[in-house]
Amino acid sequence: MKKIAMLLAALLLMTTVFAACGGKEDTSSAASTASTASTESTASTADSGDNTLTMATNAFFEPYEYYEGDEIVGIDAEVGKAIADKLGMDFEISDVDFEAIIANVQSGKADMGMAGMTVTEDRKKNVNFSQSYATGIQVVIVPEGSEIASIDDLEGKKIGVQQGTTGDLYCSDTPENGGFGEENVTRYNKGSDAVMALLSGKVDCVVIDNEPAKAFVAANEGLVILDTAYAEEEYAICIAKDNEELLEKVDKALGELIEDGTVQKIVDKYITAE
Ligand code: GLN
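Quick note on the numbering used here: the sequence shown kicks off at 70 and runs consecutively.
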């Protein structure tokens, strides 16, 4: 019961939270883009209007996108490639900070953004979204034996999040709005950095999407995921507002890949049903 109430509360809050945080991610993202992983070579590819579909992502979000050696693999990487194949285009992935993805798409450095990205009202002001291809749930990772047993116990605790994600937006909001206050939240560029901070005791918990949470817990001893969900979300592909033609093409290709079971096949390859 409590779980459902919490979920409903969180869902209700989503609109207000995103409205309240309007623009925040975009201003800071511009600053962090240039100096980090975004490379000039991929930028020119997207700009030159050649036959390459460029996808901006943040490749530390297993099983949606992560490195296997030098290669970025995962659900988004494969669905993106399948879309490019369907459109008869070459495919390229650029790895940038999560917060920089929308700015990269807006500026044309990348044609689309795909990063387990949740559709929010606030992001919809800056980019268009395709239909949804997956759902995510915000969960809480704690060390084994932690005194944190439910969402309510997060009050006054040090919370680690990935900067600019929905987990960040929910948690950083004021208590009146269902958050825990910005002063209790530490933001990291990558989910993996937040988990490292948890392992070294710098934060008491990490709020992040369920599938990456499972991957982090599987890869690191001594961590567990609380049995309480924070909010349920839809993942979709973002494309620049002024690129409706591409949105239409990508959305149609994605629709066909969902319809013919390709997307499910890719998901099943990376996520084994419990
Ligand atoms: N789904 C979350 C969001 O869109 C997190 C995505 C991510 O960290 N790659 O904010």
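We treat Cβ as the ideally placed atom computed from N, Cα and C, and that holds for glycine. Model, not experiment: these values are computed from the prediction.
Where residue i falls: helix, strand or coil (DSSP)
| i | result |
| --- | --- |
| A134 | It is Glu, not Ala, that sits at residue 134 in the sequence shown. Note: E134 maps to strand in three-state DSSP. |
| S261 | helix |
| G324 | helix |
| N279 | helix |
| S176 | helix |
| Y239 | helix |
| N185 | Note on identity: in this sequence residue 185 is Gly, with Asn being the wrong assignment. Three-state result, G185: coil. |
| E216 | coil |
| Q333 | helix |
| L267 | helix |
| G143 | coil |
| G205 | strand |
| I228 | strand |
| I340 | coil |
| L223 | helix |
| D273 | coil |
| N246 | helix |
| N197 | strand |
| A309 | strand |
| A298 | coil |
| D154 | helix |
| A26 | In the structure as shown, the chain begins at 70 and stops at 343. Residue 26 is therefore absent and cannot be evaluated. |
| D119 | coil |
| E251 | helix |
| A284 | helix |
| E290 | coil |
Spatial distance of residue i from residue j (CA atoms)
| i | j | result |
| --- | --- | --- |
| N253 | D242 | 10 angstroms |
| A298 | D119 | 43 angstroms |
| A153 | G324 | 13 angstroms |
| V156 | T121 | In the sequence under discussion, the amino acid at residue 156 is Leu, which differs from the Val named in the question. When rounded, the distance between both Cα atoms is 10 angstroms. |
| L267 | K193 | 32 angstroms |
| I228 | F198 | 29 angstroms |
| A128 | E245 | 34 angstroms |
| G248 | I206 | 16 angstroms |
| K310 | N195 | 7 angstroms |
| F160 | D320 | 16 angstroms |
| I335 | Y202 | 11 angstroms |
| V264 | Y135 | 15 angstroms |
| I170 | Q231 | 14 angstroms |
Residues of its chain near residue i, where Cβ-Cβ distance is below 6 angstroms and the 5 sequence neighbours each way are ignored
| i | result |
| --- | --- |
| A218 | none |
| I277 | G236 and G260 |
| D116 | Because D116 carries a pLDDT of 44, less than 50, the predicted location of this residue cannot be relied on, and the following value inherits that uncertainty. So the qualifying residues of the chain are G177. |
| L326 | A151 and V332 |
| M124 | G149, I162, M181 and M183 |
| E213 | G291 and V293 |
Proximity test, residue i beta-carbon vs the ligand GDP heavy atom, cut-off 7 angstroms
| i | result |
| --- | --- |
| G330 | Among the ligands in the structure shown, the ligand GDP does not appear; only the ligand GLN can be found there. |
Cβ shell of residue i (< 8 angstroms), same chain only, five flanking positions each side left out
| i | result |
| --- | --- |
| P132 | G143, I144, E280, P281, A284, Y339 and I340 |
| D222 | E216 |
| T204 | E301, E302, E303 and Y304 |
| L316 | N197, S199 and I308 |
Contact between the segment 293 to 309 and the segment 212 to 228 is defined here as three or more beta-carbon pairs at a separation below 8 angstroms; is this criterion met?
With a cut-off of 8 angstroms on Cβ pairs, the segment 293 to 309 is in contact with the segment 212 to 228, counting three or more such pairs.
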